[in-house]
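Notes follow once the structure below has been shown.
Number of protein chains: 2
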Amino acid sequence: MKAAYLQFEPRFGEVSSNLRAMQDLAANQAGEADLLVLPELASTGYLFQSRDEVFDLAEAFPGGPTADCFTQMAFDLNAVIVGGFAERSGDQVYNSCALVRPDGSSHIYRKAHLFLDEKDWFVPGDSPFEPVPAAGTLIGMMICFDWYYPEVARLLALRGATIICHPSNLVLPHCPEAMKVRCLENRLFAITANRTGRDERGDRSLSFIGMSQVVDPGGQILVSAPPDGDHVGLVEIDPRLAEDKDVTGRNNWTRDRRIDLFGDLV
Amino acid sequence: MKAAYLQFEPRFGEVSSNLRAMQDLAANQAGEADLLVLPELASTGYLFQSRDEVFDLAEAFPGGPTADCFTQMAFDLNAVIVGGFAERSGDQVYNSCALVRPDGSSHIYRKAHLFLDEKDWFVPGDSPFEPVPAAGTLIGMMICFDWYYPEVARLLALRGATIICHPSNLVLPHCPEAMKVRCLENRLFAITANRTGRDERGDRSLSFIGMSQVVDPGGQILVSAPPDGDHVGLVEIDPRLAEDKDVTGRNNWTRDRRIDLFGDLV
Chain A
1 MKAAYLQFEP
11 RFGEVSSNLR
21 AMQDLAANQA
31 GEADLLVLPE
41 LASTGYLFQS
51 RDEVFDLAEA
61 FPGGPTADCF
71 TQMAFDLNAV
81 IVGGFAERSG
91 DQVYNSCALV
101 RPDGSSHIYR
111 KAHLFLDEKD
121 WFVPGDSPFE
131 PVPAAGTLIG
141 MMICFDWYYP
151 EVARLLALRG
161 ATIICHPSNL
171 VLPHCPEAMK
181 VRCLENRLFA
191 ITANRTGRDE
201 RGDRSLSFIG
211 MSQVVDPGGQ
221 ILVSAPPDGD
231 HVGLVEIDPR
241 LAEDKDVTGR
251 NNWTRDRRID
261 LFGDLV
Chain B
1001 MKAAYLQFEP
1011 RFGEVSSNLR
1021 AMQDLAANQA
1031 GEADLLVLPE
1041 LASTGYLFQS
1051 RDEVFDLAEA
1061 FPGGPTADCF
1071 TQMAFDLNAV
1081 IVGGFAERSG
1091 DQVYNSCALV
1101 RPDGSSHIYR
1111 KAHLFLDEKD
1121 WFVPGDSPFE
1131 PVPAAGTLIG
1141 MMICFDWYYP
1151 EVARLLALRG
1161 ATIICHPSNL
1171 VLPHCPEAMK
1181 VRCLENRLFA
1191 ITANRTGRDE
1201 RGDRSLSFIG
1211 MSQVVDPGGQ
1221 ILVSAPPDGD
1231 HVGLVEIDPR
1241 LAEDKDVTGR
1251 NNWTRDRRID
1261 LFGDLV
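One line per chain: the protein sequences are A and B, in this order.
When you number the first sequence by this note's numbering, it's gap-free, plus one each residue, and the end is 266.
When you number the second sequence by this note's numbering, it's gap-free, plus one each residue, and the end is 1266.
Encoded structure:
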């Protein structure tokens, strides 16, 4: 299968234009993708000024323009789409991503580990770290700062994920290296789709690091993006490689793991 | 406090000469150290040909030349020594390391995750991942391939370790980068002391990658060694930095960790 990330710069609050930008990029450069990952909060931008502002931009899924767009993209590309958006659910707002299949069926993951001022804007997610069947394999989702807690990727791997889709709005420099370790220690693929550019709101601004990437179960970067600029990275991967949990001829990821000694971990 | 690693090339089976080499290097270059970490299996070398050979070279602790040497080094340097050796305990042999204080008191850690043919030579360790008080702080121990399982460093951190001492005989290239992530994700220091050179035994040989390092809680390498050659890396560190578990002004390592969602981890 062909896995891809789409890196671009959303303009804050311009939902229609952001969705169109992703559709155009995907149509032009991701036509062959079977799985395409978009950034975190791809339709709204990131640097909100208040919880009210997030609430006004947030959308139900399905039921809003982002859901419609992701569903159309999945159909047009005949690909699984995973992308981030601000999710309104009743009175709550989550920093979520949706996985949408070509047939329009979908799953939502709500970010568990909120970063900095996201705590003012969103409710912490309540999703289990549970992979879902899609594109003929099991796909896990996590969002941006979730990378920092190894338990997230670990649980997805223990529950059978072969690919982690990782919509991001990274501002710190550590994540691209750390995701190589997440892949290596869990023997799976990861697709990090990051945004680029800068959000300027009032007296605040925030820059994002780009460097989207696809990493394989050996911790090797298969394709990666520069720090700036729109970029679609597309690469052939075989998810079955992530089902082989032999680390060496005599070391197996599952069997060697000393859970008998891991008592107080949770 | 001053933390250090000692990197050198043990000669297989030449216990007295290996111990003397470490004593000389430490006396000449690690005189200021408060904590000095030596490689895995530092007194025997690595590439055994049989379990009988390991058994013959293995030593009780205390009670053998390695224990005597580490204890003497701790006294002479007025430093905590952590070093690896083949431990005989009754009929069993473990791939162990000892932590020895200047007053001669000691703790043993037995490697939990054995790599490749170590499974022919040693029994898997039964030590809890529990830091011990030393050098005015709490020090955790893990050995070489234990790095691969994030649970090991995680448990040591959750139990209060500020420094992980990591005697190693690394042959694969991933660990130096991965230890930066272990430090970052747990907000602690790590001292990896690796060996260099090559063991040649019968028709087999194995090369080791050197690149010993001290890493801080921000994932920065403070001092590191080249791939080859004897090297003592000595650096001032403040273990209290590892007690500060704030990741950002609004993110705390402990409080933000979503253990409510980590159910099936063990």
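Where is the CB? At the ideal position from N, CA and C, for every residue including glycine.
Practice task
Name, please, each residue of chain A whose Cβ falls closer than 8 Å to the Cβ of B/V1266.
Solution key: Within 8 Å Cβ-Cβ: I259, F262, G263, L265, V266.
Problem - A/Q220 classed as buried or exposed, judged by whether at least 16 other C-beta atoms fall within 10 angstroms - result: With a 10 Å radius around the Cβ and a threshold of 16 neighbouring Cβ atoms, A/Q220 comes out exposed.
Practice task
Say whether chain A places a C-beta atom closer than 8 Å to the C-beta of B/H1113.
Solution key: Closer than 8 Å: yes.
Handout entry: A/F61 and A/E87 closer than 8 Å at C-beta
Key = Yes, these two residues count as a Cβ contact at 8 Å.
Problem - Touching by the beta-carbon criterion (3+ pairs, under 8 Å), the stretch 1014-1022 of chain B and the stretch 1166-1174 of chain B - result: In short, these stretches do not touch, since the Cβ pair count stays below three.
Problem - Residue from A/V215, A/S207, A/D199, A/L184 whose Cα sits closest to the Cα of A/T192 - result: Answer by Cα proximity: A/V215.
Practice task
Indicate whether A/V266 and B/F1129 have their beta-carbon atoms separated by less than 8 Å.
Solution key: For A/V266 and B/F1129, no; Cβs fall outside 8 Å.
Exercise for the section: Drop a sphere of 10 angstroms on the beta-carbon of B/A1027, count the other beta-carbons inside from all chains shown, and report buried for 16 or more, exposed for fewer. Expected result: B/A1027 comes out exposed.
Exercise for the section: Determine the chain A residues that contact B/K1119 at a beta-carbon separation under 8 Å, and present them in chain order. Expected result: Going along chain A in sequence order, the residues near B/K1119 (Cβ under 8 Å) are R250.
Practice task
Flag A/A178 as yes if its beta-carbon sits less than 8 Å from any beta-carbon of chain B, otherwise no.
Solution key: Yes, A/A178 counts as interfacial toward chain B.
Problem - B/S1205 - DSSP class collapsed to helix/strand/coil - result: Three-state result, B/S1205: strand.
Problem - Neighbourhood of B/M1179 by C-beta, 8 Å cutoff - its chain only, sequence neighbours within 5 removed - result: W1147, H1166, A1190, T1192, Q1213, V1215.
Exercise for the section: Can you check DSSP and say which residues form a bridge with B/T1162? Expected result: The partner list for B/T1162 (beta bridge, DSSP) is empty, contrary to what the question assumes.
Handout entry: 7 Å Cβ shell around B/S1205 - same chain, five flanking residues per side excluded
Key = These residues qualify, in order along the chain: R1198, D1199.
Problem - Element boundaries [alpha helix (DSSP H), containing B/A1020] - result: The displayed chain sequence assigns Arg, not Ala, to residue 1020 of chain B. If you look at B/R1020, you'll find it in the alpha helix (DSSP H) that goes 1015-1029.
Practice task
Would you mind reading off the limits of the alpha helix (DSSP H) that contains B/C1175?
Solution key: Unbroken alpha helix (DSSP H) run through B/C1175: 1175-1186.
Problem - Which residues DSSP lists as bridging A/M301, in chain order - result: Any question about residue 301 of chain A goes unanswered here, given that chain A covers just 1 to 266.
Practice task
Taking the CB atoms as reference points, tell me whether B/V1015 and B/V1082 lie closer together than 8 Å.
Solution key: Taking 8 Å as the Cβ cut-off, B/V1015 and B/V1082 do not qualify as a contacting pair.
Practice task
Would you please verify whether the beta carbon of A/A170 is less than 8 Å from any beta carbon of chain B?
Solution key: Note on residue identity: the sequence assigns Leu, not Ala, to residue 170 of chain A. Not a single C-beta of chain B is nearer than 8 Å to the C-beta of A/L170.
Exercise for the section: Examine chain A for any beta-carbon lying closer than 8 Å to the beta-carbon of B/G1219, and answer yes or no. Expected result: Closer than 8 Å: yes.
Practice task
Report the option in B/R1110, B/D1228, B/A1079, B/R1154 whose CA atom is closest to the CA atom of B/Q1007.
Solution key: Per the Cα distances, B/D1228.
Practice task
Give the interface partners of A/E243 over in chain B, defined as CB-CB distance under 8 Å, in chain order.
Solution key: What A/E243 touches in chain B: nothing, since even the nearest Cβ is about 19 Å away.
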